[in-house]
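Going by our numbering, the sequence shown opens with residue 997, and the numbers climb by one from there. By construction, the Cβ of each residue, glycine as well, lies at the ideal position given by its N, Cα and C atoms. The structure presented is a predicted model; accordingly, all values stated were derived computationally and were not measured.
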Amino acid sequence: MRHFVKLTVLFMGVCSSVCYADRNTVGPISPISPPVKATTKEDIQLVKDLLKQGAQHRKDVWTYKIKGHYCPVISGTKVGEIGVILDSTNQQVYLRPIKTVQIVDDENMLIDIGGNVVVWLNGFPTKGLTDGDTVNGLDSVLEVAGTKKYDTVAGSKTVPLVKPFRLDLSK
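#1: Going by the CB atoms, is the gap between residue 1129 and residue 1035 shorter than 9 Å?
#2: Would you report the Cα separation of residue 1121 and residue 1026, rounded to the nearest angstrom?
#3: For residue 1075, count neighbouring Cβ atoms within 10 angstroms of its own Cβ and tell me buried if that reaches 16, exposed if not.
#4: Return the chain-ordered ranges of every beta strand (DSSP E) run that is complete within the segment 1090-1121 and spans a minimum of 3 residues.
#5: Of all the options 1118, 1166, 1041, which has the alpha carbon lying nearest to the alpha carbon of residue 1155?
#6: From residue 1071 to residue 1106, what does the alpha carbon distance come to, in whole angstroms?
#7: Let me know if residue 1037 comes out buried or exposed under the rule of 16 or more other beta-carbons within 10 Å of its beta-carbon.
#8: If residue 1042 sits next to residue 1163, beta carbons under 8 Å apart, how far is it from one beta carbon to the other, in whole angstroms?
#9: What whole-angstrom Cβ distance do residue 1142 and residue 1157 have, given they're in contact under 8 Å?
#10: Just checking my contact of residue 1134 with residue 1024 at CB under 8 Å: how many whole Å lie between their CB atoms?
#11: Does DSSP put residue 1043 in a helix, a strand or coil?
#12: Can you give me the C-alpha to C-alpha distance between residue 1045 and residue 1138, rounded to a whole angstrom?
#13: Sort out for me which residues DSSP pairs residue 1148 with in a bridge.
Shown next as structure tokens:
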């Protein structure tokens, strides 16, 4: 969906309005590969721990339910974090809109998750997205899996690497 922004210009005492198209707004988007059911003892325990962590914060404004279960919330920058990236206004919680900074390929993009915090997002489709588009949330539990180094014209940068969490949190 395209949003149109009305720009009013004052030029030599004459006021005129011009409409121009803003970037696309899409989403929320889901990962390319869906999460899988936990089968090993370690994975089952990890899922239980994450659900327990989410349930402990269920009365907090910063909680979010996926398939009936509360999920932990993450900042998106600490390696090892697992959860969802949320935003809120007027006591309503929703998936945080993100801005695409750069589309790298079919499943990798640099995104701004808020506050000029840029992360490398892997495992989500980029078809139809362009640099500067807004995505109305990442419809997935996420994991900050490490860091990713990439080259820019000013040198190389290292940012957090965010991927869809591999395990399904629904029981």
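From the atom records:
#1: The residue labelled residue 1035 in the question sits at position 39 within the sequence shown. The residue labelled residue 1129 in the question sits at position 133 within the sequence shown. Taking C-beta atoms as the reference points, residue 1035 and residue 1129 fail to come closer than 9 Å.
#2: Here the question's residue 1121 lines up with position 125 in the sequence shown. Here the question's residue 1026 lines up with position 30 in the sequence shown. Straight-line Cα distance between these residues: approximately 8 Å.
#3: Along the sequence shown, one-based indexing puts residue 1075 at 79. Per the 10 Å Cβ criterion, exposed.
#4: 1094-1101, 1104-1108, 1114-1118
#5: As a working mapping, residue 1155 is identified with position 159 in the sequence shown. Nearest C-alpha to residue 1155: 1118.
#6: By 1-based counting over the sequence shown, the position of residue 1071 is 75. By 1-based counting over the sequence shown, the position of residue 1106 is 110. A direct Cα-to-Cα measurement between residue 1071 and residue 1106 gives close to 16 Å.
#7: As a first step, residue 1037 is located in the sequence shown; it is residue number 41 there, counting from the start. Looking at its Cβ environment, which holds fewer than 16 other Cβ atoms inside 10 Å, residue 1037 is exposed.
#8: By 1-based counting over the sequence shown, the position of residue 1042 is 46. By 1-based counting over the sequence shown, the position of residue 1163 is 167. The Cβ separation is near 7 Å, so the contact holds.
#9: Within the sequence shown, the letter at position 146 stands for residue 1142. Within the sequence shown, the letter at position 161 stands for residue 1157. Rounded, the Cβ-Cβ distance is 5 Å, consistent with contact.
#10: Start at 1 with the first residue of the sequence shown, and residue 1134 comes out as number 138. Start at 1 with the first residue of the sequence shown, and residue 1024 comes out as number 28. The pair is a contact, with the Cβ atoms about 6 Å apart (cut-off 8 Å).
#11: In the sequence shown, counting from the first residue as 1, residue 1043 sits at position 47. If DSSP states are grouped into helix, strand and coil, residue 1043 belongs with the helices.
#12: Working through the sequence shown from its first residue, we reach residue 1045 at position 49. Working through the sequence shown from its first residue, we reach residue 1138 at position 142. The alpha-carbon atoms of residue 1045 and residue 1138 are separated by roughly 15 Å.
#13: As a first step, residue 1148 must be located in the sequence shown, where it is residue number 152. Answer by DSSP bridge pairing, in chain order: 1151.
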